[in-house]
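Worksheet: one structure, shown below.
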Amino acid sequence: MLRYAIERLLTAIPTLLLLITLAFFLIRLAPGGPFDSERVLSPEIEQNLNQLYHLDESLPVQYFRYMGQILRLDFGPSFQYRDWTVNQLIMQGFPVSLTIGGFALLGGLILGVLIGLLAALRQNTWPDYTLMSLAMAGLSIPAFVLAPLLVLLFAVKFGWLPAGGWEWHWQYMLLPIITLGMPLVAYVARLTRASMIEVMRSAFIRTARAKGLPMWLIVLRHALKPSLLPVVSYLGPAAAAIIAGSVVIEKIFTVPGLGTYFVQGALNRDYTLVLGVVIFYGMLIILFNLLVDLLYAWMDPQIRLNNRIRH
Amino acid sequence: MAIDPASSGDQALLQVSALRVSFATADGELQAVRAVDFSVRSGEILAIVGESGSGKTQLAMALMGLLAENGSASGSAMFQGHDLLGCGQKQMNRLRGSKLAMIFQDPESTLNPYMSIGRQMSEVLEQHRNMPHKQAWLVAEEMLHQVCIDDAHERMRQFPYELSGGMLQRIIIAMALLCQPALLIADEPTTALDVTVQADINRLMLDLRERYQTAIILITHDLGMVAGLADKVLVMYAGQTMEYAAVADLYQRPEHPYSRGLLRAIPQSFSNKLAALQPIPGNPPNPMQLPSGCPFRDRCEYAFADCTATPLLRPARHGGLIACHLDRLPE
Chain A
1 MLRYAIERLL TAIPTLLLLI TLAFFLIRLA PGGPFDSERV LSPEIEQNLN QLYHLDESLP
61 VQYFRYMGQI LRLDFGPSFQ YRDWTVNQLI MQGFPVSLTI GGFALLGGLI LGVLIGLLAA
121 LRQNTWPDYT LMSLAMAGLS IPAFVLAPLL VLLFAVKFGW LPAGGWEWHW QYMLLPIITL
181 GMPLVAYVAR LTRASMIEVM RSAFIRTARA KGLPMWLIVL RHALKPSLLP VVSYLGPAAA
241 AIIAGSVVIE KIFTVPGLGT YFVQGALNRD YTLVLGVVIF YGMLIILFNL LVDLLYAWMD
301 PQIRLNNRIR H
Chain B
312 MAIDPASSGD QALLQVSALR VSFATADGEL QAVRAVDFSV RSGEILAIVG ESGSGKTQLA
372 MALMGLLAEN GSASGSAMFQ GHDLLGCGQK QMNRLRGSKL AMIFQDPEST LNPYMSIGRQ
432 MSEVLEQHRN MPHKQAWLVA EEMLHQVCID DAHERMRQFP YELSGGMLQR IIIAMALLCQ
492 PALLIADEPT TALDVTVQAD INRLMLDLRE RYQTAIILIT HDLGMVAGLA DKVLVMYAGQ
552 TMEYAAVADL YQRPEHPYSR GLLRAIPQSF SNKLAALQPI PGNPPNPMQL PSGCPFRDRC
612 EYAFADCTAT PLLRPARHGG LIACHLDRLP E
């Protein structure tokens, strides 16, 4: 198992290198530069700035300089937020994004699985139809529609929750979490329902019934684990979707998370900030996928033991 | 042997009367089993024989309460004072796995691939005998020894896909016998296995019958296998009983054309004459559109005018029962 984990970590290195390289050159392809603004800078100042941030060097030199920094986990200074390093900005924004994203992922997962199980065990009855229609709706409504609707309802009409902004208080977190987690709940519910129904039809469930086990025990002990396997393998893409979604949702609710910094950085051509966030999230997704794979291997004895045999 | 189910009622372990199984399908009602009667006594082996689609598996499923959701069973199946067809989930769960056990056709898919052999066995004892986990584990391991599995200790920790089909079927049989059931239903237990392993499993079942006095309902399409195992045979066709007789009688002088057809379709390895193998021409009728009268008449070489009327089950010369209008089966 440990060896498997190390192997997976090593294969992540080329992925990460590719990601950094692509991000590095793509952001520089965007028209304009970090110090373009309405106030025209004198050529001397601009040259000084470029020199300070090494933008006067050739692109390959910049690239390798940047790579060297990354190896020391130093994302460099932000071009736009003067006196801030990208590392500091990430430390500032990430806890906020992690809170919203983490709750959305965890809550979406738990709620989705519960809904899916309920629908599967009540297959083709009205609770099943109702839940699955809702799930379909949850999947089809995009965040930029759902968010204003929620704001309109809970902030403007009832005045229960703030329309945006950020404090470390649940009232500020609730709407972003709901908006972010909604599609996840819907997707996980559909996934769980389908796989639970399939598992309940399998021969080994019939065997469990023939043993005289009560239904709740069959579901919990025999059916739950195999029906959760598809959900577990969806966790990787789900985390990526949460991160991508957070960029939009933080902007809508003006939450000062990493997504907001990312959008701001992209608009300002803040090369180091954009790169920093991209690489940081890239590493996060790779790490998360590794954890998911380990979890999957732990749940499925066939994979677990194949690894044991292979090594 | 008193083969008539009506006369052996008192001592019967299982008394099945007028058992019907039907399924509600999109095209209407499908009758899989149509009024079948039989009885099984303690320690007795009854073989239910028929081609695929004859309703034999659904009959077993009905007895175990394992019919698909669109299926329903009527009639009665008295087992140790309980009607298996009408006693409800709770009572069924008390009987299943304890007094009444079933083993299935395909051992590779019968066990849960995500649970160790030991866990799947011990849970039966935990459920029905209220044994603590550790004790249940030890008893289960002992049961693996009983069915001649080597390295039982190691096997308990293994997962189904690590073991061969024959080994799995032994384990499944051991699992079914954990609570020493009075009745074991074995649905084509050797069909998915190698021929050499088949003989092993058959020997094992006979052995266990001797040791625990377990009655066995053996469901198979293979009359050849029945000869060495069963005490009596129920031949089913299109959901109905065609012939019901002691095994020796059925083999020596079958009275139903279908039974004789099945017997002649058994390959005889000792007589090198392939020509002796006579398949029954045609296919079983579509259960959605059964012909009136005898369901076998389209494939029967002796069919005559009377066969358009449904033949009733009547006493046969060999002392069993038969559903055929023929007075005497021509040689």
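Listed in order, the protein sequences are those of chains A and B.
Just so you know, we're using the working numbering here: the first sequence kicks off at 1 and counts up by one.
Just so you know, we're using the working numbering here: the second sequence kicks off at 312 and counts up by one.
We treat Cβ as the ideally placed atom computed from N, Cα and C, and that holds for glycine.
Within-8 Å CB hit, residue i to chain A
{"i": "N441(B)", "result": "no"}
{"i": "Q446(B)", "result": "no"}
{"i": "G476(B)", "result": "no"}
{"i": "R625(B)", "result": "no"}
{"i": "T421(B)", "result": "yes"}
{"i": "M467(B)", "result": "no"}
{"i": "P606(B)", "result": "no"}
{"i": "M375(B)", "result": "yes"}
{"i": "P424(B)", "result": "yes"}
{"i": "F470(B)", "result": "yes"}
{"i": "V435(B)", "result": "yes"}
{"i": "Q438(B)", "result": "yes"}
{"i": "S318(B)", "result": "The predicted position of S318(B) is uncertain, since its pLDDT is 45 and thus under 50; a value taken from the coordinates is nonetheless stated next. S318(B) does not count as touching chain A."}
Exposure of residue i, with buried meaning 16 or more beta-carbon neighbours within 10 Å
{"i": "F158(A)", "result": "exposed"}
{"i": "L494(B)", "result": "buried"}
{"i": "E7(A)", "result": "exposed"}
{"i": "L228(A)", "result": "buried"}
{"i": "H271(B)", "result": "Given that chain B is displayed from residue 312 to residue 642, the structure contains no residue 271(B) and the question cannot be resolved."}
{"i": "K445(B)", "result": "exposed"}
{"i": "R222(A)", "result": "A small fix is needed here, since residue 222(A) is His in this sequence, not Arg. The residue in question, H222(A), is buried, as its Cβ has 16 or more Cβ neighbours within 10 Å."}
{"i": "P142(A)", "result": "exposed"}
{"i": "K401(B)", "result": "exposed"}
{"i": "E434(B)", "result": "buried"}
Cβ of residue i within 8 Å of any chain B Cβ
{"i": "L191(A)", "result": "no"}
{"i": "D36(A)", "result": "no"}
{"i": "G32(A)", "result": "no"}
{"i": "Q171(A)", "result": "no"}
{"i": "F262(A)", "result": "no"}
{"i": "R206(A)", "result": "yes"}
{"i": "R269(A)", "result": "no"}
{"i": "H311(A)", "result": "Note on H311(A): pLDDT 42, under 50, position unreliable in the model; the coordinate value appears next. False, the Cβ-Cβ gap to chain B never drops below 8 Å."}
{"i": "D74(A)", "result": "no"}
{"i": "A297(A)", "result": "no"}
{"i": "D293(A)", "result": "no"}
{"i": "K211(A)", "result": "yes"}
{"i": "D83(A)", "result": "no"}
{"i": "A203(A)", "result": "yes"}
{"i": "Q302(A)", "result": "yes"}
{"i": "P256(A)", "result": "no"}
Rounded straight-line distance, which links the Cα of residue j to that of residue i
{"i": "F334(B)", "j": "I178(A)", "result": "45 Å"}
{"i": "S427(B)", "j": "S475(B)", "result": "15 Å"}
{"i": "A371(B)", "j": "I496(B)", "result": "7 Å"}
{"i": "L217(A)", "j": "E465(B)", "result": "26 Å"}
{"i": "P596(B)", "j": "Q342(B)", "result": "12 Å"}
{"i": "D128(A)", "j": "Y296(A)", "result": "28 Å"}
{"i": "G539(B)", "j": "V332(B)", "result": "30 Å"}
{"i": "H311(A)", "j": "L2(A)", "result": "With a pLDDT of only 42 at H311(A), under the threshold of 50, the placement of this residue in the model should not be trusted, and no figure is reported."}
{"i": "P77(A)", "j": "Y261(A)", "result": "14 Å"}
{"i": "L106(A)", "j": "G116(A)", "result": "15 Å"}
{"i": "S363(B)", "j": "V219(A)", "result": "31 Å"}
{"i": "L131(A)", "j": "A155(A)", "result": "26 Å"}
{"i": "F25(A)", "j": "M67(A)", "result": "13 Å"}
{"i": "T621(B)", "j": "I527(B)", "result": "30 Å"}
{"i": "P237(A)", "j": "L545(B)", "result": "56 Å"}
{"i": "A549(B)", "j": "V344(B)", "result": "7 Å"}
Integer-rounded CB distance, given that residue j should sit under 8 Å from residue i
{"i": "S246(A)", "j": "S97(A)", "result": "6 Å"}
{"i": "M413(B)", "j": "D498(B)", "result": "7 Å"}
{"i": "I356(B)", "j": "M547(B)", "result": "Not confirmed; about 16 Å, so no contact."}
{"i": "D609(B)", "j": "H636(B)", "result": "15 Å between Cβ atoms; not a contact."}
{"i": "L534(B)", "j": "I591(B)", "result": "The pair is not a contact, with the Cβ atoms about 12 Å apart (cut-off 8 Å)."}
{"i": "L479(B)", "j": "E419(B)", "result": "6 Å"}
{"i": "Q438(B)", "j": "L213(A)", "result": "6 Å"}
{"i": "R352(B)", "j": "A388(B)", "result": "The pair is not a contact, with the Cβ atoms about 15 Å apart (cut-off 8 Å)."}
{"i": "F103(A)", "j": "M173(A)", "result": "7 Å"}
{"i": "P471(B)", "j": "L422(B)", "result": "4 Å"}
Short-range partners of chain B found in the region 114-148 of chain A, where Cβ spacing is below 7 Å: none
Interfacial residues, the region 401-418 of chain B to chain A, with Cβ spacing under 8 Å: M403, N404, R405, L406, R407, G408, S409, A412, M413, F415 and D417
What are the residues in the region 329-346 of chain B lying within 7 Å of chain A by C-beta distance? Correct list: empty, as no residue qualifies.
Given a limit of 8 Å on CB to CB distance, which residues of the region 219-253 of chain A reach chain B? R221, H222, K225 and P226
Closer than 7 Å, Cβ to any Cβ of chain B: which residues of the region 11-24 of chain A, in chain order? none
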